[in-house]
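The numbering used here numbers the first residue of the sequence shown as 29 and each following residue consecutively.
Heads up, the beta-carbon is just placed ideally off N, CA and C, and yes, glycines get one too.
A short write-up of the structure that comes next.
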Amino acid sequence: MHQEEARVRLLDAAEELFYARGIQAVGMDEIRAASGVSLKRLYQSFPSKHELVEAYLRHRDERWRAALAAHVQEHAAAPGDAPAAVFDWLHAWFTAPGFRGCAFINAFGELGAVSEGVARAARDHKDAVHAYVAGLVRELPAGDPAALAEQLALLIDGAITTATISGDPDTALRARDAAVTLVTAATAQAAGAER
Numbered sequence: 029m030h031q032e033e034a035r036v037r038l039l040d041a042a043e044e045l046f047y048a049r050g051i052q053a054v055g056m057d058e059i060r061a062a063s064g065v066s067l068k069r070l071y072q073s074f075p076s077k078h079e080l081v082e083a084y085l086r087h088r089d090e091r092w093r094a095a096l097a098a099h100v101q102e103h104a105a106a107p108g109d110a111p112a113a114v115f116d117w118l119h120a121w122f123t124a125p126g127f128r129g130c131a132f133i134n135a136f137g138e139l140g141a142v143s144e145g146v147a148r149a150a151r152d153h154k155d156a157v158h159a160y161v162a163g164l165v166r167e168l169p170a171g172d173p174a175a176l177a178e179q180l181a182l183l184i185d186g187a188i189t190t191a192t193i194s195g196d197p198d199t200a201l202r203a204r205d206a207a208v209t210l211v212t213a214a215t216a217q218a219a220g221a222e223r
């Protein structure tokens with residue numbers, strides 16, 4: 029098995045196990061067994077669990093944001109539809125088997141106080157999601173796009189956290205309604221200011 033193939037298999041196994049059960053509950057031997065990668069190859073790829081955890085978070089960030097962006101691109105016919113499409117994607121994610129909330133909030137809760145790498149990965153993910161939402165908002169005629177992007181990012185995190193704790197995937201739909209209201213108000217405010 030080539031090094032890159034081993035790395036991908038280890039990251040996939042780590043993502044599945046860490047997300048399902050938590051980082052501290054999963055040992056390196058479980059990841060090795062689930063990935064089918066030898067112990068020697070595991071430690072060649074990731075000399076410590078700490079390095080594997082950071083790589084897992086970076087890997088998940090890329091996959092999560094790519095899936096979100098692909099959904100929005102496919103389902104938003106116009107720029108004004110994009111914020112609602114974000115929450116539609118969240119609803120689909122919340123109803124998927126194995127949904128356990130935000131991997132970054134979970135990891136930060138477990139290790140953020142003792143691992144700068146985990147804290148940094150969580151902050152980087154949240155910053156990247158915020159930047160993505162800000163990019164969507166820049167396409168709208170909004171009065172204060174920075175404020176609107178911040179509000180939508182808060183709705184996203186709030187919906188994820190509430191759905192995780194309550195087990196109610198329709199939290200995304202209620203957050204969607206709030207997002208549509210915010211976008212409508214921001215664009216109406218901009219149109220009024222132009223008069």
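Backbone secondary structure at D40 - three-state DSSP | Working through the sequence shown from its first residue, we reach residue 40 at position 12. Note: D40 maps to helix in three-state DSSP.
CB P111 to CB V36, shorter than 9 Å?
-> Residue mapping note: residue 111 aligns to position 83 of the sequence shown, counting from 1. Residue mapping note: residue 36 aligns to position 8 of the sequence shown, counting from 1. Here P111 is not near V36, since their CB atoms are 9 Å or more apart.
Consult DSSP for I51 and reduce its assignment to one of helix, strand or coil.
-> Position 23 of the sequence shown, counted from the start, is the residue given in the question as residue 51. In the three-state scheme derived from DSSP, where H, G and I count as helix and E and B as strand, I51 is classed as coil.
What is the DSSP secondary structure of M56, counted as helix, strand or coil?
-> Stepping through the sequence shown from its first residue, residue 56 is reached at position 28. DSSP places M56 in helix when its eight states are reduced to three.
Could you check if D89 is buried or exposed, using at least 16 other CB atoms within 10 Å of its CB as the buried criterion?
-> Taking the sequence shown and counting its residues from 1, one reaches residue 89 at position 61. The residue in question, D89, is buried, as its Cβ has 16 or more Cβ neighbours within 10 Å.
Straight-line Cα distance separating H119 from V100 = As a first step, residue 100 is located in the sequence shown; it is residue number 72 there, counting from the start. As a first step, residue 119 is located in the sequence shown; it is residue number 91 there, counting from the start. The C-alpha of H119 is placed about 13 Å away from the C-alpha of V100.
Beta-carbon proximity list for A170, same chain, < 7 Å, skipping 5 on both sides | To locate residue 170, count along the sequence shown from 1; it is residue 142. For A170, where only same-chain residues beyond five positions count, the Cβ hits under 7 Å are L176, A214, T215, A218.
What residues in its chain sit with their C-beta under 6 Å from that of A200, if we drop five residues either side in the sequence?
-> Residue 200 sits at position 172 when you count from the first residue of the sequence shown. Excluding sequence neighbours, A200 sits near F115, L118, H119, F122, A187.
Identify whether S15 lies in helix, strand or coil by the three-state DSSP scheme.
-> Residue 15 lies beyond the residue range present for the chain, which begins at 29 and ends at 223; the question has no answer from this structure.
Using the C-alpha atoms, what's the distance from V81 back to Q52?
-> In the sequence shown, counting from the first residue as 1, residue 52 sits at position 24. In the sequence shown, counting from the first residue as 1, residue 81 sits at position 53. When rounded, the distance between both Cα atoms is 10 Å.
Identify whether D116 lies in helix, strand or coil by the three-state DSSP scheme.
-> Locating residue 116 in the sequence shown gives position 88, counting from the first residue. Here DSSP, grouped into helix, strand and coil, assigns D116 to helix.
Three or more C-beta pairs closer than 8 Å, one from the stretch 35 to 50 and one from the stretch 128 to 137: is that the case here?
-> Taking a cut-off of 8 Å for Cβ pairs, the stretch 35 to 50 and the stretch 128 to 137 touch, as three or more such pairs fall below it.
Measure the alpha-carbon distance for S63 versus T212 and round it to whole angstroms.
-> Locating residue 63 in the sequence shown gives position 35, where the first residue counts as 1. Locating residue 212 in the sequence shown gives position 184, where the first residue counts as 1. Straight-line Cα distance between these residues: approximately 47 Å.
Specify the secondary structure class of R128 as computed by DSSP and reduced to three states.
-> As a working mapping, residue 128 is identified with position 100 in the sequence shown. Three-state result, R128: coil.
State the DSSP-derived secondary structure class of V142, mapped to helix, strand or coil.
-> Position 114 of the sequence shown, counted from the start, is the residue given in the question as residue 142. In the structure shown, the three-state DSSP call for V142 is coil.
Return helix, strand or coil for F74, following the three-state DSSP convention.
-> Counting from 1 along the sequence shown, the entry for residue 74 is found at position 46. Judged by DSSP in its simplified three-state form, F74 adopts coil rather than helix or strand.
Spatial neighbours of L39 in its chain, beta-carbon cut-off 7 Å, leaving aside the 5 residues before and after = Locating residue 39 in the sequence shown gives position 11, counting from the first residue. Hits under 7 Å: A83, Y84, H87.
Does the pairing of the stretch 153 to 167 with the stretch 178 to 197 give three or more beta-carbon distances under 8 Å?
-> These segments touch.
Rounded C-alpha distance that separates A149 from S143 | Residue 149 sits at position 121 when you count from the first residue of the sequence shown. Residue 143 sits at position 115 when you count from the first residue of the sequence shown. Near 10 Å, if we compare the C-alpha coordinates of S143 and A149.
Can you tell me the Cα-Cα spacing of L70 and A41, whole angstroms?
-> Taking the first residue of the sequence shown as position 1, residue 70 is located at position 42. Taking the first residue of the sequence shown as position 1, residue 41 is located at position 13. C-alpha separation (whole angstroms): 12 Å.
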